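A.B. asks: Residue numbers for the sequence shown follow UniProt numbering, beginning at 1 and rising by one. Don't be surprised by glycine CBs; every beta carbon is placed ideally from N, CA and C. All of these numbers come straight from a predicted model, not from anything done at the bench.
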Amino acid sequence: MANIESFDLDHTRVHAPYIRLAGVKTTPRGDSISKYDLRLLQPNQGVIEPAALHTLEHLLAGYLRDHLQDVVDVSPMGCRTGLYMAVIGEPNEEGVLQAFTAALQDTANHDRPIPGVSELECGNYRDHDLTTARQLARTALDQGLKVQETVLIQR
Ligand SMILES: [Zn+2]
């Protein structure tokens, strides 16, 4: 099986909330694509309920793109402690940190309908929780986000 970068991350030695550059790929044409972890909860200590994570996905999809150019994708982590982001190029980590912080501020303040929530636009439109999504964003902001270095598992 192919080697997966995140399986080499020591999840016991990171301190959420954080952003972490997980890797950079170069395409055959020479463009680079960076992948980031946007971790909200400390691994193995908390978990985001699926409805709230779904709402975070909908809100951050738009708000991150408002603050950072060339975002390719924002999607939930299967472990439900945060989200992944893929972005074209190699934005510096401080810039990504600022963009994520601003997007979380927008999320915490979001008091309108959740975008993309209808049977036409979403695959599970009944499964959302804006109140908890806003609280999670606020809590992460209150805790203070930082850039997390990659800490490899010592094998
Ligand atoms: Zn959806």
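#1: Mind the definition here: the segment 42-54 touches the segment 22-30 only if three or more C-beta pairs lie below 8 Å; say whether that holds.
#2: Taking residue 29 as part of the alpha helix (DSSP H), name the residues at either end of that continuous run.
#3: Which residue wins for smallest C-alpha separation from residue 32, given the options 79, 120, 143 and 90?
#4: By how many angstroms is the C-alpha of residue 63 removed from the C-alpha of residue 108?
#5: Within 7 Å: the Cβ of residue 123 and any heavy atom of ligand 1?
#6: Spatial neighbours of residue 17 within its chain, please: CB distance less than 7 Å, with the 5 preceding and 5 following residues excluded, ordered by chain position.
#7: Do you know whose CA, among 96, 4 and 134, lies nearest residue 70's CA?
#8: Could you have a look at residue 129 and say whether DSSP puts it in helix, strand or coil?
#9: Quick check: what's the CA-CA separation for residue 52 versus residue 155?
#10: By Cβ distance, which residues of its chain are closer than 8 Å to residue 126, with the 5 residues on each side in sequence left out?
#11: Expressed to the nearest angstrom, what Euclidean distance is found between the alpha-carbon atoms of residue 93 and residue 147?
#12: Give the secondary structure of residue 62 by DSSP, where H, G and I count as helix, E and B as strand, and everything else as coil.
#13: If you count every other CB in all the chains shown that lies within 10 Å of the CB of residue 99, and 16 or more means buried, which is it?
#14: Identify every residue that forms a DSSP beta bridge with residue 51.
C.D. replies: According to the structure data:
#1: Using a C-beta cut-off of 8 Å, the segment 42-54 makes no contact with the segment 22-30, since fewer than three inter-stretch Cβ pairs fall below that distance.
#2: DSSP places residue 29 in no alpha helix (DSSP H); its state is neither H nor E.
#3: The shortest Cα separation from residue 32 among 79, 120, 143 and 90 belongs to 90.
#4: A direct Cα-to-Cα measurement between residue 108 and residue 63 gives close to 11 Å.
#5: Set against 7 Å, the gap from the CB of residue 123 to the closest heavy atom of ligand 1 is smaller.
#6: Here residue 17 has 39, 40, 140, 143 and 145 as same chain residues with Cβ atoms under 7 Å from its own Cβ, once five neighbours each way along the sequence are excluded.
#7: The shortest C-alpha separation from residue 70 is found at 96.
#8: Three-state DSSP puts residue 129 in coil, outside helix and strand.
#9: Looking at the two C-alpha atoms, the distance is approximately 35 Å.
#10: Here the set comprises nothing.
#11: Between the alpha carbons of residue 93 and residue 147 lies a distance of about 7 Å.
#12: Helix.
#13: Residue 99 sits buried, since 16 or more C-beta atoms from the chains shown fall within 10 Å of its C-beta.
#14: According to DSSP, residue 51 shares a beta bridge with no other residue.
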